[in-house]
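The structure appears right after this line, and notes come after that.
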Amino acid sequence: MVLKIMHTGDIHLGMKFNQYPQISKQLENARYQALENVIKEANKRNTNLLAVAGDLFDKTNISSADLKRTIDILDSFAGDVVLVLPGNHDYSDGITKLWDKFREKLTGRILILDEKKIYELHDFQIPAAVYPAPCETKLSAENNLGWIKNLESRVKADYQIALAHGALAGFSPDLNDNYFKMSREELLDIEMDLWLLGHSHLSYPNQDKVINHKIFNNGTPEPDGMDCSHPGYAWYIELNQTKEIKAERILTGNYHFSDLEKEVNNQAELENLVEQILNDQPETKILRLQLKGELAREEFERKDQILRKLRDSCFYTKIDQSNLEMKIDREIMREEFSENSFPYQLLTELEDDNQALHLAYKMLKEVQE
Numbered sequence: 001m002v003l004k005i006m007h008t009g010d011i012h013l014g015m016k017f018n019q020y021p022q023i024s025k026q027l028e029n030a031r032y033q034a035l036e037n038v039i040k041e042a043n044k045r046n047t048n049l050l051a052v053a054g055d056l057f058d059k060t061n062i063s064s065a066d067l068k069r070t071i072d073i074l075d076s077f078a079g080d081v082v083l084v085l086p087g088n089h090d091y092s093d094g095i096t097k098l099w100d101k102f103r104e105k106l107t108g109r110i111l112i113l114d115e116k117k118i119y120e121l122h123d124f125q126i127p128a129a130v131y132p133a134p135c136e137t138k139l140s141a142e143n144n145l146g147w148i149k150n151l152e153s154r155v156k157a158d159y160q161i162a163l164a165h166g167a168l169a170g171f172s173p174d175l176n177d178n179y180f181k182m183s184r185e186e187l188l189d190i191e192m193d194l195w196l197l198g199h200s201h202l203s204y205p206n207q208d209k210v211i212n213h214k215i216f217n218n219g220t221p222e223p224d225g226m227d228c229s230h231p232g233y234a235w236y237i238e239l240n241q242t243k244e245i246k247a248e249r250i251l252t253g254n255y256h257f258s259d260l261e262k263e264v265n266n267q268a269e270l271e272n273l274v275e276q277i278l279n280d281q282p283e284t285k286i287l288r289l290q291l292k293g294e295l296a297r298e299e300f301e302r303k304d305q306i307l308r309k310l311r312d313s314c315f316y317t318k319i320d321q322s323n324l325e326m327k328i329d330r331e332i333m334r335e336e337f338s339e340n341s342f343p344y345q346l347l348t349e350l351e352d353d354n355q356a357l358h359l360a361y362k363m364l365k366e367v368q369e
């Protein structure tokens, strides 16, 4: 048989977005919608196995209502089995009750991979053995692959698949070695047909279609901040009996973040920038725009009218104009100060130093008032 897998994780259900108070509820709900999107895409492809490679939840304290909502979504998967690995945000330490409460509400098709043991999937009509490396703490300098490396024997199965949560060296930032770091070489030395990883919110490899690649990182199906500029992905993977692998990166997100810093020095440049932004799905765009530059007085007075198009069309817009200034020319100087005055002479002497010119103009206006 060809084993069809949908690989996701780092969904972070229960994540709060207090930095976006106007849209926080929509962003929180979007993470549940993203999980629904993953499962819809899996069902379209008659997927056998749904793998969640850690951080299904953002924390270990999740309400009963949200647990039930999550399980109801997972139960909509039409395939054979759902595998859920505890990650470093929803770790399983034997003390916190998250997974005990989750298990109480489960159906038989959802397996929590919270033990360091081999999980055989024959009862689900899948000829596979699964080797998990669950997180037992939020931080660790060591990964949890040791038990797999030390196995004296493995169970017989057509497919040998491992799930792990942690930083992939050279790909996931882990400057202080706190996030269960593992290397590609380390993974490939442990002979598996497939490695399904979670932790980084970027998908690995960074390609839309991949052939015969053994290591995959799910990324996140729903972007969660300005440092996450992709639209949200999951991996659809096919593994056949000759161990050939075909994978496709599937779009799953609802909203996308856009963090821009642009310089504009005339109205045409500003209008062109606004048009470019509006050409890229503004209805789902969470935009942070920092503007700098100089505009002539008439253009400066019209800028808010032009920028209003972004506020009216984008899902969320935050615009910083503190470094976008009105051009101070001789006409403005003459209107504000007589030509023989000290302020006028000072400003004309500073014309070649734009920063000093604006600072002096601002100070002179304050004194004048």
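Counting along the sequence shown from 1, when you hit position 315 you're at 315 in this note's numbering, and nothing is skipped either side.
Built from N, CA and C at the ideal position, the CB exists for glycine as well.
Remember, it's a predicted structure, so these values are computed and weren't measured experimentally.
In terms of Cβ geometry, Y179 and N88 form a close pair [threshold 9 Å]. G219 is the residue among L347, R308, G219 whose C-alpha sits nearest the C-alpha of G54. For the options D177, I215, V84, T317, the alpha carbon positioned closest to that of A141 is the one of D177. With at least 16 other beta carbons inside 10 angstroms of its own, M192 counts as buried. Restricting attention to K44, Y233, C228, S229, the CA atom closest to the CA of P221 is found in Y233. Bounds of the beta strand (DSSP E) holding D320 are 316 to 326. Here A268 is exposed: its Cβ has fewer than 16 other Cβ atoms, across all protein chains shown, within 10 Å. By the CB criterion at 9 Å, I71 and T107 fall inside the cutoff. Counting the other CB atoms within 10 Å of its CB gives G146 a total below 16, which places it among the exposed residues.
Residue pairing for M6: DSSP places it in a beta bridge opposite L50, Y236. Rounded to the nearest whole angstrom, the CA to CA distance from Q290 to L324 is 9 Å.
Judged by beta-carbon spacing, L287 lies within the 9 Å limit of C314, meaning their Cβ atoms are closer than that value. Excluding the 5 residues flanking it on each side, V38 has same chain C-beta neighbours closer than 7 Å at M6, T8, P221, A234, T252, in chain order. Taking L113 as the centre and dropping the five residues before and after it, the same chain places the C-beta of L83, V84, L85, P86, Y119, V130, P132, P134, L163 closer than 8 Å to its C-beta, in chain order. The region 115 to 141 contains, as complete beta strand (DSSP E) runs of 3+ residues, the segments 128 to 133 (chain order). For N254, no beta strand (DSSP E) run applies, since DSSP gives it neither H nor E. For the pair A169 and R154, the CB atoms are not nearer than the 9 Å cut-off. F257 is classed as buried because its beta carbon has at least 16 other beta carbons within 10 Å across all chains shown.
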